[in-house]
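*Asks:* Taken in order, the sequence shown gives residues 1 to 360; the numbers are from our numbering.
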Amino acid sequence: MASTIATALTRALRRPQTPLSCKRQLHAQKWHLDAAVVFDIDGVLVRGKQTIREARRALDMLSGQNKLNRRVPFALLTNGGGVSEQAKASQISRMLGFEISADQVVLAHSPMQALAPKYHDSHVLVVGGPDRQCADIAHMYGFRNVSTPNDIVAWRPEIWPFITLGPEARVERRQFDKHPFAAVMVFHDSFDFGRDLQIVTDVLRSRDGRLGAEYVGRQTVPLYLSNADLIFSNEYVRPRFGQGAFHECLRAMWSALTRGASLEYTRYGKPFAVQYRHAEQVLDALVAPGNCRHRRIYAIGDNPAADIAGANAAGWTSILVRTGVFSGANDSENPAHLVVDHVGDAVEKIIDIEHQRFTL
C-alpha cells in the first residue's frame with residue numbers, strides 16, 4: 001500500500017494540471033502560481049462552530065509566511081450549502097480572523113448556477129435549509145420562478161398534516177394545481193425529511209409535474225441533488241447524517257412507490273467531476289493577468305469518499321487530515337497521496353514540495 005501511494009504521489013506531482021485562463025488581478029506582490037490549494041471546510045478548517053486550531057496558521061502560510069516568500073492561491077470547496085457564497089465567506093472569515101472573499105468559495109450548489117439559463121422562467125421546486133433561504137439563493141443564481149415545500153404546505157396543509165406553519169413562516173402562495181413544476185433541485189440538507197420526501201415524490205410522479213394530478217408509473221420531471229455526503233462532522237463526538245442520507249431515503253421511497261423503477265438524477269458536490277471543474281474555474285479567476293501556466297492543485301480534506309475520491313479523479317494531489325470524519329492511517333478504498341494530522345501539517349508539506357521544485 002505504501003509503495004503504491006508513494007508512486008501515485010510522485011506521478012501526481014510530476015503531472016501538469018489544469019491550464020489557467022487568467023481573468024483578474026489580485027495583488028501586486030509576488031505569487032507562486034505553479035500551485036494552488038483547495039480546502040474542504042468542515043473537518044479541515046472548522047468543526048461545526050469550533051475553529052480547528054491550526055487553520056489560521058495554514059492560511060497565513062499561503063499568504064506568504066513561508067520559505068517561498070510568495071503567496072499561493074487557494075479556494076474553499078465544501079459540500080456545505082444553504083447560504084450564499086458571500087455569507088459563507090463572511091462566516092469563515094469571522095471564525096478564522098482571516099479575510100476570505102466570496103470569489104474563493106465553492107458550495108455544493110454553486111455549479112447549479114449553470115442551470116439558470118435553462119430554467120430561467122420555469123417553475124422549480126427548491127428543497128433544503130430553513131425558511132426560504134435556499135429559494136433566495138436560487139433567485140440570486142437567476143432562477144426567477146421558485147417554490148419551496150413550505151409554500152406547498154401553506155397551499156394545502158393536508159399534503160403534510162404533521163406540521164403547522166406559524167405566522168412567521170415566509171411563504172409564497174399560489175394554486176399549485178395550476179402551476180406545474182419543471183424540475184426539483186435539492187440545494188441543502190432537508191430540515192424535515194418526512195415533509196420533503198412526501199412532496200418531492202409527489203412532484204416527481206405526478207403527471208406533467210402538476211400537484212394533484214394523477215400519479216404515473218414514471219418520473220415526470222428532472223431531479224438535481226447537490227451533496228452526496230452520507231455523514232459530516234460537527235462538534236458532536238461522532239459524525240452526523242448529511243444530505244446524502246436524504247438521498248438514500250428518497251431512492252428507497254421511490255423504489256417502494258414505483259415497484260422498483262429507477263430514479264434518475266444529476267448530482268453536484270464532491271466527489272463529482274462538475275464540482276472540480278467549477279473549482280478550477282474559480283482558481284482561474286484568482287490569478288493575475290499574464291501569469292497563465294500549468295499548475296498543481298493540492299486538495300486537503302477529511303472525507304475519503306468525497307474529498308479524496310474527487311481530488312484523485314480530477315488529477316489533483318490529495319491530502320487527508322485526521323481532524324474530521326477520518327482517523328486512520330489511510331483509506332483503503334480511496335487512498336490519499338498524503339495523510340497528515342491536521343491542515344497545518346498539510347500546508348507545510350505543500351510548501352516543502354513547492355520549495356524543493358522552486359529551488360531546483
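Note that CB positions come from ideal geometry on N, CA and C, so glycine has one too.
Model, not experiment: these values are computed from the prediction.
(1) Of the choices Val237, Pro239, Leu45 and Leu257, whose alpha-carbon is the least far from that of Arg218?
(2) For Asp151, which option in Tyr141, Cys134 and Gly142 has the closest C-alpha, if you only look at C-alpha atoms?
(3) Thinking C-beta only, is Leu263 closer than 8 Å to Leu223?
(4) How far does the alpha helix (DSSP H) with Leu62 in it extend, from its first residue to its last?
(5) Helix, strand or coil for Val282, going by three-state DSSP, please let me know.
(6) Output the residue ranges of the beta strand (DSSP E) runs that lie fully inside the stretch 32 to 101 and measure 3 residues or longer, sorted by chain position.
(7) Is it buried or exposed for Leu165, if we count other Cβ within 10 angstroms and need 16 for buried?
(8) Let me check understanding here. Comparing Cα to Cα, which of Leu125, Val153, Trp160 and Ile159 lies closest to Phe143?
(9) For Pro117, collect the residues of the same chain with a Cβ closer than 6 Å to its Cβ; drop the 5 residues on either side in sequence, then sort them by chain order.
(10) Decide yes or no for the touch test of the stretch 317 to 324 against the stretch 273 to 281: beta carbon pairs closer than 8 Å, at least 3 of them.
(11) So His188 packs on Gly269, CB below 8 Å; how close in whole Å?
(12) Taking the C-alpha atoms as reference points, what is the distance between Ile351 and Arg296?
(13) Contact between the stretch 97 to 116 and the stretch 80 to 87: three or more CB pairs below 8 Å?
(14) Ends of the beta strand (DSSP E) at Leu223?
(15) Skipping 5 residues on each side, what residues in its chain have a beta carbon closer than 8 Å to that of Met140?
(16) Entirely within the stretch 246 to 334 and at least 3 residues each: give me those beta strand (DSSP E) ranges in chain order.
(17) DSSP state of Arg156, grouped into three classes?
(18) Report all residues from its chain with a CB closer than 7 Å to the CB of Phe181; omit the five preceding and five following residues, and keep chain order.
(19) With Asp196 and Pro149 assumed to form a contact (beta carbons below 8 Å), what rounded beta-carbon distance in angstroms separates them?
(20) Please work out which residues of its chain come closer than 6 Å, Cβ to Cβ, to Val339, disregarding the five sequence neighbours upstream and downstream, and give them in chain order.
(21) Assuming the contact rule is C-beta atoms closer than 8 Å, Asp302 and Val46 should be a hit. Round their C-beta distance to whole Å, please.
(22) Please classify Ala368 as buried or exposed, where buried requires at least 16 neighbouring CB atoms within 10 angstroms.
(23) Which residue marks the beginning of the beta strand (DSSP E) containing Val124, and which one marks its end?
(24) Would you kindly check if the distance between the Cβ of Ala313 and the Cβ of Pro271 is under 8 Å?
(25) Going by beta carbon distance, what residues of the same chain come within less than 6 Å of Arg322, once the five residues before and after it are set aside?
(26) With distances taken from CA atoms, which of Asp345, Asp177, Asp60 and Lys49 is nearest Glu361?
(27) In chain order, what residues of the same chain have a beta carbon less than 6 Å from the beta carbon of Ser93, not counting five sequence neighbours either side?
(28) Secondary structure at Ala228, three-state DSSP: helix, strand or coil?
(29) Going along the chain, which residues of its own chain have a beta-carbon closer than 6 Å to the beta-carbon of Ala36, five neighbours each way excluded?
(30) When the Cα atoms are used, what is the spatial distance from Ser21 to Ala285?
(31) Can you tell me the Cβ-Cβ gap for Thr51 and Leu115, rounded? I've got them flagged as a contact below 8 Å.
(32) Our contact map puts Val325 next to Ser233 with C-beta atoms below 8 Å; I'd like the distance itself, whole angstroms only.
(33) Provide the residue(s) that pair with Ser206 in DSSP beta bridges, ordered along the chain.
(34) What residue does the beta strand (DSSP E) around Ala186 start on, and which one ends it?
(35) Would you kindly report the start and end of the unbroken beta strand (DSSP E) that includes Val339?
(36) According to the Cβ coordinates, are Arg132 and Gly344 closer than 8 Å?
*Replies:* Taking the geometry as given:
(1) Among Val237, Pro239, Leu45 and Leu257, the Cα nearest to that of Arg218 belongs to Leu257.
(2) Nearest C-alpha to Asp151: Cys134.
(3) For the pair Leu223 and Leu263, the CB atoms are nearer than the 8 Å cut-off.
(4) First-last of the alpha helix (DSSP H) with Leu62: Ala55 to Leu62.
(5) Reduced to three states, the DSSP call for Val282 is helix.
(6) Uninterrupted beta strand (DSSP E) stretches at least 3 residues long and entirely within the stretch 32 to 101 occur at 35 to 39 and 74 to 77, given in chain order.
(7) Leu165 should be labelled exposed.
(8) Nearest of Leu125, Val153, Trp160 and Ile159 to Phe143, Cα basis: Leu125.
(9) Closer than 6 Å at Cβ, skipping near neighbours: no residue.
(10) The way I'd put it, the stretch 317 to 324 doesn't touch the stretch 273 to 281; fewer than three beta-carbon pairs between them come closer than 8 Å.
(11) Here His188 is actually not in contact with Gly269; their C-beta atoms are around 11 Å apart, not less than 8 Å.
(12) So the alpha carbons of these two residues sit roughly 12 Å apart.
(13) Touching, per the Cβ criterion.
(14) Leu223 to Leu225 is the extent of the beta strand (DSSP E) around Leu223.
(15) Cβ within range, chain order: Ser84.
(16) Those beta strand (DSSP E) runs which fall completely within the stretch 246 to 334 and span 3+ residues are 296 to 301 and 317 to 321.
(17) If DSSP states are grouped into helix, strand and coil, Arg156 belongs with coil.
(18) Around Phe181: His123, Val124, Leu125, Val203, Gly209 and Val221.
(19) With a Cβ gap of about 5 Å, Asp196 and Pro149 count as contacting.
(20) The residues are Leu320 and Asn330.
(21) Their Cβ separation, rounded to whole angstroms, is 11 Å, which puts Asp302 and Val46 out of contact at 8 Å.
(22) Given that the chain is displayed from residue 1 to residue 360, the structure contains no residue 368 and the question cannot be resolved.
(23) Val124: member of the beta strand (DSSP E) spanning Val124 to Val127, first to last residue.
(24) Cβ distance < 8 Å, so Pro271 and Ala313 count as in contact.
(25) Shown here for Arg322: same chain residues with a beta carbon closer than 6 Å to its own, the five before and five after excluded, namely Asp341 in chain order.
(26) Nothing about residue 361 can be reported from this structure: the residues present for the chain run from 1 to 360 only.
(27) Cβ within range, chain order: Glu99 and Ile100.
(28) Note: Ala228 maps to coil in three-state DSSP.
(29) Around Ala36: Pro73, Leu283, Arg295 and Ile297.
(30) The predicted position of Ser21 is uncertain, since its pLDDT is 37 and thus under 50; no value can be drawn from it.
(31) About 34 Å separates the two Cβ atoms, so there is no contact after all.
(32) Going by Cβ atoms, the distance from Val325 to Ser233 rounds to 5 Å, so yes, they are a contact pair.
(33) The partner list for Ser206 (beta bridge, DSSP) reads Tyr215.
(34) Note that residue 186 is Val in the sequence shown, not Ala. From DSSP, the beta strand (DSSP E) with Val186 extends over Ala183 to Val186.
(35) Start and end: Leu338 to Val340.
(36) Contact: no.
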